[in-house]
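Just so we're aligned: the sequence shown equals residues 598 to 1356 in our numbering.
For every residue, glycine included, the Cβ atom is placed at its ideal position computed from N, Cα and C.
Keep in mind it's a predicted model, so treat the numbers as computed, not measured.
Below: the structure, in structure tokens.
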Amino acid sequence: MNLTPTDSTASIASTNRAVPDRSAKMPQKKTASAASTPAPVAGVASVTQLTTKLAEYLTPSELKKVKEAYRFSDEAHLGQMRMSGEPYISHPIAVAEICADWKLDAQAIMAALLHDVMEDQDVRKDELIERFGAPVANLVDGLSKLEKIEFQSQVEAQAENFRKMLLAMARDVRVILVKLADRLHNMRTLGSMAPAKKRRIARETMEVYVPIAHRLGLNNIYRELQDLAFSHLYPMRYKTLGKAVKAARGNRREVVSKILESVNNTLDATGIPAQVYGREKTLYGIYTKMLNKRLSFSQVLDIYGFRVVVDSFANCYVALGTLHALFKPMPGKFKDYIAIPKLNGYQSLHTTLIGPYGTPIEFQIRTQDMHRVAESGVAAHWLYKDDEGSLSDLQQRTHAWLQSLLDIQKQTGDSAEFLEHVKVDLFPDSVYVFTPKSKIIALPRGATALDFAYTIHTDIGDQTIAVKINLEQVPLRTELRNGDIVEIITSPSSRPNPNWLGFVRTGKARSAIRHHLRTINLTESIELGRRLLSQALVTLNLDPELPAPVAERLLNESSAKSLDDLYADIGVGKRMAALVARHILGMVENDQLVPRPQIDVNGEVLPKKIDPVVIYGSEGVSVQLASCCQPIPGDAIIGQMKRDQGLTIHTHDCDVARRQHSKEPDRWIDVVWGSDIDRRFDCSITLLARNEKGILARVAAEIGESDSNITHVGMDEDKDHMITYLHFTVQVEDRVHLARLMRNLRSIPGVTRLLRDKG
């Protein structure tokens, strides 16, 4: 921003004032400045430009309140400097200016000016409520980090800060608008930071703030934040690509001018009032295209695009036809975001044409109202308050997404998991499908039929047993495509399966399934977790019964509310028993409570005998039998701890288990079958039989006589060799029962071969 001296009511001169005690320590948070700007000798920050902008749309009484907030912030940050040497107050002023460009209301502008006073200067919330009212204080509180709480790690602290901010955003969207303005100014002035800190902030911006800006339709900020983050994450690539684009700009100026002239003349001749202008793709957009399609810069031909803004909805399609008559369209490169808007409310017609010299050119065609929403997103609600009717659909979409954040929060165990679910839902690409009643549902690309069910309602997702896509029954894991008509079939007795976590894509589906597994099967998870931790403690020569002081300290350091919560986390795979046991070892070593290991005659430590975890197959969903190998009692087995899915049992010779064991060896434990197991287990077998009359009936009868039950049957036919493949899923007690069944089946005339399927 401009640093110009002004009158005493509108500026501060940091060198001419006394410094209060509370700001004597200069916080290093958010202290960024432009790399090219030298540190001024005497920093002066001007608020004149801000008040000029605000006077255009705020009432005198509102402007008076904003000035009061400025004076309070000025006094609070007195003596605090940015790393560039500027007075710190210049940052809140700049953030407020960005918010003023969106014409946010007086409360949001006041929050922008005050957004750091609680975090940096220990101003209490009740003080802000008394001075400026509860709405402003709530906005500032939503923007403040949780600095006073101790966390296990920086990752946990950051995740909790994001959760606080996003939940505040769900209650009042102005929180995220001010936060994005704050992040935008910090990214513009990141030059004075250390390289490692630059990269961390840039990565955080790219992973969280860029997709939020896109999700809210703030495309101008979305693009600028992307490029700024790119420039700090990969500075050399950014500079090299910038030089290449600058050179290409000169080489292609003639082509761009020729296209603009042709389009303007054609539209004028058709009688369509339109504004046509060229736009250059962002450096990050060009970079990702080169990366994803493995192209060199010279192969990226469409670094330029054109935007056509017309006067009416109907003229969007007339202009499209006119352009298609002028230049040949590329097949498969037309998208109608007017009929089906994007999740963030964006509407335009997109088409790619073959221009002069064979160059592909992208055109975006939209009305002025669509253009306003495309550039400003939800901020357009404040930009044009007198025209809210046309924005009602956008407001409803935004409200639905913000409400989903609250739904995810209710079902989420911790802040890191909450952030993971939210990130999943911030994907920019979407797929559009229909309910049987023709209602359009937008989902992230890659979403499955089960994601669709959870999007409709959590209860429908929980009770899903089957799904039809375009009237054809398909598996729940089937990925959806644009235009699919999806019908969900439910049953009141159905419950979520842990295996569903392996293929659902949306945050709402993941959080709902995990919530069910944690709450409905809590007792099973606690018992399994207790057994796993006891085994891990015995491995380290520790008593599996934790002394009360050790248990209390463990809960304090692990942020678990009780030992049962800790056991449940271990039982569902959220925490690793081995890591918890090592943490306990570190605590008791410091307190000298470690029992002495047993020593043999040669002076070597005797290994502690470790008992494997006993499995009965009746533990419920906390213990799953892998579908790839279908273990049954009598098989040699091994257990895999999967996050939020508990313990999965594989046979020792399972190919899937071998592959996964090599990737995550720490997640595997020894398990054995218990005795006196009173249940039956699914097992798949395949018979090769001669294609003759009655063979299926004879096989089915023999299975029944062998005290087994058929749960599934399939058949393939090899007509060339007159052979039929019969695939059965049967229920057996154990390997002995299976061996007896297979021996009886081999004795049937016509059966030539029989084998057990494992994967």
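Original post:
Tell me, which residues are paired with ASN1306 by DSSP?
Top reply: GLN1328
**OP:** Measure from the alpha carbon of THR1308 to the alpha carbon of each residue in GLU1289, ALA1286, ARG1277, then state which is nearest.
**Re:** For THR1308, the nearest C-alpha among the options comes from ARG1277.
Original post:
Roughly how many whole angstroms lie between the Cα atoms of SER1344 and GLY1301?
Top reply: 15 Å
Subject >> Contained alpha helix (DSSP H) runs [length at least 4] in the segment 1124-1192, N- to C-terminal order >> reply: The qualifying runs are 1145-1155, 1160-1168, 1174-1187.
**OP:** Within 10 angstroms of the Cβ of ARG1256, are there 16 or more other Cβ atoms? Answer buried if so, exposed if not.
**Re:** exposed
**OP:** Identify whether ILE958 lies in helix, strand or coil by the three-state DSSP scheme.
**Re:** strand
Original post:
Among PRO1141, ARG721, ALA1165, VAL1177, which has the Cα closest to the Cα of GLU1154?
Top reply: Distance check between GLU1154 and each of PRO1141, ARG721, ALA1165, VAL1177 places VAL1177 closest, using alpha-carbon atoms only.
**OP:** Give the single residue among ARG834, ARG1264, ARG780 whose Cα lies nearest to the Cα of LEU888.
**Re:** ARG834
Original post:
From LYS1065 to PRO1033, what does the alpha carbon distance come to, in whole angstroms?
Top reply: 10 Å
**OP:** Ignore the nearest five residues each way along the sequence and tell me which others in ALA1063's own chain have a CB closer than 7 Å to its CB.
**Re:** GLN1070, ILE1086
**OP:** From the DSSP output, read off the bridge partner residues of HIS947.
**Re:** HIS947 is bridged to LYS932, GLN961.
Subject >> Bridge-paired residues (DSSP) for MET1238 >> reply: LEU1244
Subject >> Among ASP1059, SER1159, SER687, nearest to ASN1094 - alpha-carbon criterion >> reply: ASP1059
**OP:** Measure the beta-carbon distance from LEU1139 to VAL1185 and round it to whole angstroms, keeping in mind my assumption that it falls under 8 Å.
**Re:** 7 Å
Original post:
In chain order, what residues of the same chain lie with their CB nearer than 7 Å to the CB of PRO938, ignoring the 5 residues before and after it?
Top reply: GLN944
Subject >> C-alpha distance - SER630 paired with GLU801, whole-angstrom precision >> reply: Because the pLDDT of SER630 is 36, which lies under 50, any placement of that residue in the model is unreliable, and the question is left without a value.
Original post:
When the Cα of ALA1148 is compared with those of ASP1162, GLU1314, THR1321, which residue comes out closest?
Top reply: ASP1162
Subject >> Per-residue burial, SER854 [other beta carbons within 10 Å of its own, 16 or more giving buried] >> reply: Exposed, because fewer than 16 other Cβ atoms sit within 10 Å of the Cβ of SER854.
**OP:** Apply the 10 Å Cβ neighbour rule to PHE910 and answer buried if 16 or more other Cβ atoms are within range, or exposed otherwise.
**Re:** exposed
Original post:
ASP1048 and ASN1067 look like a contact to me (Cβ under 8 Å); what is the Cβ gap, rounded to whole Å?
Top reply: ASP1048 to ASN1067, Cβ: 17 Å. No contact.
**OP:** Can you tell me which of the three DSSP states ASP1048 falls into?
**Re:** Correct three-state label for ASP1048: helix.
**OP:** Starting from ASP1232, follow its DSSP beta bridges and name the residues at the other end.
**Re:** Partner(s): none; ASP1232 has no beta bridge.
**OP:** Measure the Cβ-Cβ separation of ILE1292 and VAL1268 and say whether it is below 8 Å.
**Re:** The beta carbons of ILE1292 and VAL1268 sit no closer together than 8 Å.
**OP:** Assign TYR954 to buried or exposed, taking buried as 16 or more other Cβ atoms, counted over all protein chains shown, within 10 Å of its Cβ.
**Re:** Classified as exposed, TYR954 has fewer than 16 neighbouring CB atoms from the shown chains inside 10 Å of its CB.
Original post:
Alpha carbon to alpha carbon, how far is ASP698 from LYS650?
Top reply: 8 Å
Subject >> Rounded straight-line distance, which links the Cα of PRO957 to that of THR879 >> reply: 17 Å
**OP:** Could you tell me which residues DSSP puts in a beta bridge with GLY1311?
**Re:** HIS1324
Original post:
Which residues in the same chain have their Cβ closer than 7 Å to the Cβ of ALA904, if we skip the five residues on either side of it in sequence?
Top reply: Checking the sequence shown, residue 904 turns out to be Arg, not Ala. Closer than 7 Å at the Cβ level, and outside the excluded window around ARG904, lie TYR874, ARG876, GLN961.
Original post:
Just to confirm, are PRO1141 and LEU1134 a CB contact at a threshold of 8 Å?
Top reply: yes
Subject >> Simplified DSSP state of MET927, which is helix, strand or coil >> reply: strand
Subject >> Range covered by the alpha helix (DSSP H) that runs through TYR884 >> reply: 880-890
**OP:** May I ask you to list the residues that DSSP assigns as paired with LYS1065?
**Re:** GLN1070, GLU1084
Original post:
Near LEU1077, what residues of its chain come up, given a Cβ to Cβ distance below 8 Å and the 5 sequence neighbours on each side ignored?
Top reply: VAL1028, VAL1030, LEU1040, ALA1044, THR1045, ALA1046, ASP1048, PHE1049, ILE1066, VAL1083
Original post:
Helix or strand or just coil, what does DSSP make of GLU1076?
Top reply: In the displayed model, GLU1076 falls within a strand according to three-state DSSP.
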